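Taken in sequence, the protein lines are chains Z and R. 1 is the number of the first residue of the first sequence in full-length UniProt numbering; add one for each residue after it. 1 is the number of the first residue of the second sequence in full-length UniProt numbering; add one for each residue after it. Working notes for the structure below.
Number of protein chains: 2
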Amino acid sequence: MPGIDDVARLAGVSTATVSRALSGNGPVSDRTRARVVQAASQLGYVVSSDASSLASGRTRNIGAVVPHLSRWFFTSVIEGAERVLLGQGYDLTLYNLSGDGGERRRVFDHHLLRNRVDAVFTVSLELAEEEVGRLLALGKPVVGVGGPLPGVSTLTIDDLAVARLATEHLISLGHRRIAHIGGSQEFDLDFHIPTSRRLGYEQALRDAGLPVDEQLHRASDFTLPGGYDAAKQMLGSPHERPTAIFAASDEMAIGAILAARDLGLSVPRDVSIIGIDDHPLADFFGLSTVAQHPGRQGEQAAALLLDALQAARTSPGRARAEPLSHTAPADLIVRSSTAVHP
Amino acid sequence: MPGIDDVARLAGVSTATVSRALSGNGPVSDRTRARVVQAASQLGYVVSSDASSLASGRTRNIGAVVPHLSRWFFTSVIEGAERVLLGQGYDLTLYNLSGDGGERRRVFDHHLLRNRVDAVFTVSLELAEEEVGRLLALGKPVVGVGGPLPGVSTLTIDDLAVARLATEHLISLGHRRIAHIGGSQEFDLDFHIPTSRRLGYEQALRDAGLPVDEQLHRASDFTLPGGYDAAKQMLGSPHERPTAIFAASDEMAIGAILAARDLGLSVPRDVSIIGIDDHPLADFFGLSTVAQHPGRQGEQAAALLLDALQAARTSPGRARAEPLSHTAPADLIVRSSTAVHP
DNA sequence: GTGAAAGCGCTAACAT
DNA sequence: ATGTTAGCGCTTTCAC
Chain Z
1 MPGIDDVARL AGVSTATVSR ALSGNGPVSD RTRARVVQAA SQLGYVVSSD ASSLASGRTR
61 NIGAVVPHLS RWFFTSVIEG AERVLLGQGY DLTLYNLSGD GGERRRVFDH HLLRNRVDAV
121 FTVSLELAEE EVGRLLALGK PVVGVGGPLP GVSTLTIDDL AVARLATEHL ISLGHRRIAH
181 IGGSQEFDLD FHIPTSRRLG YEQALRDAGL PVDEQLHRAS DFTLPGGYDA AKQMLGSPHE
241 RPTAIFAASD EMAIGAILAA RDLGLSVPRD VSIIGIDDHP LADFFGLSTV AQHPGRQGEQ
301 AAALLLDALQ AARTSPGRAR AEPLSHTAPA DLIVRSSTAV HP
Chain R
1 MPGIDDVARL AGVSTATVSR ALSGNGPVSD RTRARVVQAA SQLGYVVSSD ASSLASGRTR
61 NIGAVVPHLS RWFFTSVIEG AERVLLGQGY DLTLYNLSGD GGERRRVFDH HLLRNRVDAV
121 FTVSLELAEE EVGRLLALGK PVVGVGGPLP GVSTLTIDDL AVARLATEHL ISLGHRRIAH
181 IGGSQEFDLD FHIPTSRRLG YEQALRDAGL PVDEQLHRAS DFTLPGGYDA AKQMLGSPHE
241 RPTAIFAASD EMAIGAILAA RDLGLSVPRD VSIIGIDDHP LADFFGLSTV AQHPGRQGEQ
301 AAALLLDALQ AARTSPGRAR AEPLSHTAPA DLIVRSSTAV HP
């Protein structure tokens with residue numbers, strides 16, 4: 001492994017100049033830079049990140065804290081973030097909190113503290129106040145994606161508005177008995193999201209002068225089987241069957257579609273179904289939905305963090321920026337699972 | 001941020017002793033260790049990973065190189081690996097090669113070279129010879145999970161045997177017209193896996209004295225919609241319809257189940273279907289399958305790497321270990337999608 | 001625009 | 001078992 005002084009020797013300059021030429025920090029003449037770059041690539045020189053980090057205080061690494069890896073939303077956010085990070089020469093270190101809970105303590109007490117990352121983003125995480133405190137105590141840029149996080153800059157769709165939109169779509173099609181399959185705290189690390197979506201659903205009903213019927217709400221777990229079970233209960237009832245279902249996630253909505261089929265109901269003739277997400281399978285099932293774009297959210301989160309790091313370099317004097325709430329776009333996609341109420 | 005000498009001062013010992021006490025490398029009396037640990041926790045001291053890495057040459061970080069994040073298998077492997085790594089104080093840095101291909105070059109030419117990781121595992125990756133070369137040139141432990149990688153230690157199920165097992169299950173139920181939905185090179189970064197599975201299928205047929213019929217093979221893309229399309233073509237044929245389908249992945253098998261339903265065929269009465277994976281949705285769909293356990297594969301991969309690192313510390317003289325092929329266990333799980341041929 | 005040199009915060013000989 | 005000290009390979013003042 002060639003070192004910086006090998007490059008310096010070959011290029012006939014000092015190590016300081018090599019560092020400046022390769023990092024872009026500090027003035028170097030074009031001729032010199034060219035020589036250095038040439039020498040570096042000739043030797044196959046790549047800077048040692050440890051040495052560079054130690055000397056500069058910057059790691060060029062971003063931490064991503066997620067509750068699971070097994071859900072489409074989380075992984076899409078990470079993929080999006082990594083797209084922009086890799087492009088900027090940053091690495092992404094993953095802290096997955098699934099598991100017994102020992103993970104959780106270790107990550108917050110140890111891993112995040114040892115200066116391995118310049119900034120952190122979390123995905124759909126419901127953090128204890130103490131954990132938020134630890135995160136902020138790092139003194140590093142932090143962004144929370146998908147769900148509000150008190151005291152932290154966040155990036156998320158407006159869950160309430162999105163739920164309203166989905167519900168209003170059904171109302172506008174003439175539906176009056178509209179059921180909701182949501183989430184519940186017991187199933188999820190994050191309970192703000194299901195709550196906001198439920199509130200949006202109820203608001204839409206009230207604004208349309210429709211009653212909010214407890215019988216038409218089921219709490220589930222955001223999975224396909226969960227949506228199936230919930231829908232089957234509601235659709236199986238011989239009386240007062242809903243004519244439309246709004247599920248808080250596409251996976252639950254797909255479960256609902258399968259439940260309807262198993263009950264001999266046709267979608268959308270007998271029942272309209274809409275979800276939230278625009279999951280990859282939504283198209284296959286003809287599912288109407290409100291798309292959120294987790295990949296883009298990840299990209300945007302990464303961009304926010306890189307900007308903050310840049311700002312910190314430019315004006316180190318500035319106090320830490322105020323936490324900001326960024327709203328990610330979401331759009332209604334109408335497919336074949338929703339239609340007018342006959 | 002307190003440093004090691006703050007701890008040393010408070011504990012009344014030298015920095016070397018602090019280092020030894022906290023890392024466990026080198027002898028420290030129990031009394032001293034207790035004092036140091038107490039001082040460290042009192043100050044909230046956490047070692048700076050950069051400084052430690054630079055001085056020791058060890059990063060306590062493992063690199064994971066994956067082709068996508070959006071597939072259940074990959075994320076499960078990573079989750080498994082991270083379970084054991086976090087427990088050992090290791091971080092996991094993720095290199096996701098999805099994207100335009102620029103990623104791919106950058107990762108191999110730059111990110112992996114800058115000494116940020118002690119070891120690397122790859123998941124289901126079909127690497128160019130040059131990329132394998134680069135990986136090995138790191139001089140670090142490398143393990144390939146899910147798919148053979150020439151010159152690299154690997155951990156994978158025996159795809160051929162697994163495919164045979166699935167096919168033999170169908171044969172033992174009296175099926176004689178057994179179709180196969182596989183993968184194809186054009187859809188996948190990795191083409192060994194679909195090929196091995198197809199060969200296993202054909203072997204099982206031949207060994208049972210059954211003909212291998214080109215009409216009964218469809219190449220697809222390992223997704224649910226892909227499996228649906230492939231199955232619909234084969235099952236829709238009015239003549240010579242297969243009585244059983246072996247799909248190379250559960251997602252394709254689930255697509256096949258849905259295709260059968262849409263054609264008015266009952267599973268398993270009219271057609272038996274089996275997959276490979278034991279995907280989380282397999283149970284919901286009653287899908288018979290051959291389970292591989294990607295989480296455990298990830299755990300085992302991590303353990304292999306940690307062992308190799310340990311071995312390298314113990315006997316640094318030893319030449320790099322020979323590449324070893326480890327076979328991960330896989331077991332037939334019979335659910336309700338397969339039954340005797342009437 | 002470039003070079004000299006002082007660290008960055010640890011670890012690992014080596015000495016005691 | 002513990003302390004002293006010389007780096008690890010860079011970046012960044014500070015001179016020039």
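The beta-carbon is built from N, C-alpha and C at its ideal position, and this holds for glycine as well. For clarity, every value in this text was computed on a predicted model and none was experimentally measured.
Test: residue i CB closer than 8 angstroms to a CB of chain Z
| i | result |
| --- | --- |
| His293(R) | no |
| Leu305(R) | no |
| Asp50(R) | yes |
Short Cβ contact (8 angstroms threshold) for residue i with residue j
| i | j | result |
| --- | --- | --- |
| Phe222(R) | Gly183(R) | yes |
| Tyr333(R) | Ser272(R) | With the sequence shown as reference, residue 333(R) is identified as Ile, and Tyr is not the correct amino acid for it. Going by C-beta atoms, Ile333(R) is not nearer than 8 angstroms to Ser272(R). |
| Val46(R) | Leu113(Z) | yes |
| Leu92(Z) | Thr93(R) | yes |
| Phe121(R) | Ala64(R) | yes |
| Ser124(Z) | Val142(Z) | no |
| His192(R) | Gly226(R) | no |
| Gly84(R) | Val162(R) | Note on residue identity: the sequence assigns Val, not Gly, to residue 84(R). No, the pair does not count as a contact, with Cβ atoms beyond the cut-off. |
| Ile178(Z) | Leu205(Z) | yes |
| Arg176(R) | Leu210(R) | yes |
8 angstroms Cβ cutoff, residue i in contact with chain R
| i | result |
| --- | --- |
| Gly264(Z) | no |
| Ser249(Z) | no |
| Thr122(Z) | no |
| Ile78(Z) | yes |
| His279(Z) | no |
| Glu82(Z) | yes |
| Asp91(Z) | yes |
| Glu103(Z) | yes |
| Ala308(Z) | no |
| Ala282(Z) | no |
Outcome for residue i when other beta-carbon atoms lying within 10 angstroms are tallied against a minimum of 16
| i | result |
| --- | --- |
| Ala312(Z) | buried |
| Asn115(Z) | buried |
| Gln310(Z) | exposed |
| Leu25(Z) | It should be noted that the sequence gives Asn, not Leu, for residue 25(Z). Asn25(Z) comes out exposed. |
| Ala11(R) | buried |
| Asp50(Z) | buried |
| Gly200(Z) | buried |
| Glu214(R) | exposed |
Among the options, nearest to residue i - alpha-carbon criterion
| i | options | result |
| --- | --- | --- |
| Ile181(Z) | Leu125(Z), Gly147(Z), Leu224(Z) and Glu129(Z) | Leu224(Z) |
| Thr75(R) | Val152(R), Arg164(R), Gln297(R) and Ser325(R) | Gln297(R) |
| Pro194(Z) | Gly255(Z), Gln300(Z) and Glu126(Z) | Glu126(Z) |
| Glu130(R) | Asp30(R), Gly151(R), Arg197(R) and Asp50(R) | Gly151(R) |
| Ser237(Z) | Leu265(Z), Arg104(Z), Phe73(Z) and Ser23(Z) | Leu265(Z) |
| Asp277(R) | Asp213(R), Pro342(R) and Arg197(R) | Arg197(R) |
| Leu324(R) | Leu155(R), Arg206(R), Ile178(R) and His192(R) | Leu155(R) |
| Ala119(R) | Ser29(R), Asn61(R) and Gln203(R) | Asn61(R) |
| Ile257(Z) | Leu165(Z), Lys232(Z) and His239(Z) | Lys232(Z) |
| residue 343(R) | Gln292(R), Tyr228(R) and Pro294(R) | Since the first and last residues shown for chain R are 1 and 342, residue 343(R) lies out of range. |
| Tyr90(R) | Ala302(R), Gly286(R), Gly295(R) and Glu322(R) | Ala302(R) |
| residue 347(Z) | Ala328(Z), Arg134(Z), Val66(Z) and Ser337(Z) | As shown, chain Z starts at 1 and ends at 342. That puts residue 347(Z) outside it, with no answer to give. |
| Leu149(Z) | His326(Z), Val340(Z) and Pro342(Z) | His326(Z) |
| Gly255(R) | Thr167(Z), Pro242(Z) and Phe285(Z) | Phe285(Z) |
| Arg58(R) | Gly295(R), Lys140(R), Gln38(R) and Leu173(R) | Lys140(R) |
Whole-angstrom distance between residue j and residue i, CA atom to CA atom
| i | j | result |
| --- | --- | --- |
| Leu97(Z) | Ser315(R) | 35 angstroms |
| Val267(Z) | Ala282(Z) | 14 angstroms |
| Ala230(Z) | Ala244(Z) | 13 angstroms |
| Arg335(R) | Ile274(R) | 9 angstroms |
| Glu251(R) | Glu299(R) | 24 angstroms |
| Leu216(R) | Met234(R) | 7 angstroms |
| Ala248(Z) | Arg105(R) | 39 angstroms |
| Glu79(Z) | Asp331(Z) | 21 angstroms |
| Tyr95(Z) | Gly101(Z) | 12 angstroms |
| Ala81(Z) | Leu305(Z) | 10 angstroms |
| Thr240(Z) | Arg269(R) | Position check: residue 240(Z) holds Glu in this sequence, whereas Thr was assumed. The alpha-carbon atoms of Glu240(Z) and Arg269(R) are separated by roughly 34 angstroms. |
| Thr338(Z) | Ile171(R) | 43 angstroms |
| Pro2(R) | Gly44(R) | 7 angstroms |
| Val13(R) | Ala308(R) | 34 angstroms |
| Ser70(R) | Ala253(R) | 18 angstroms |
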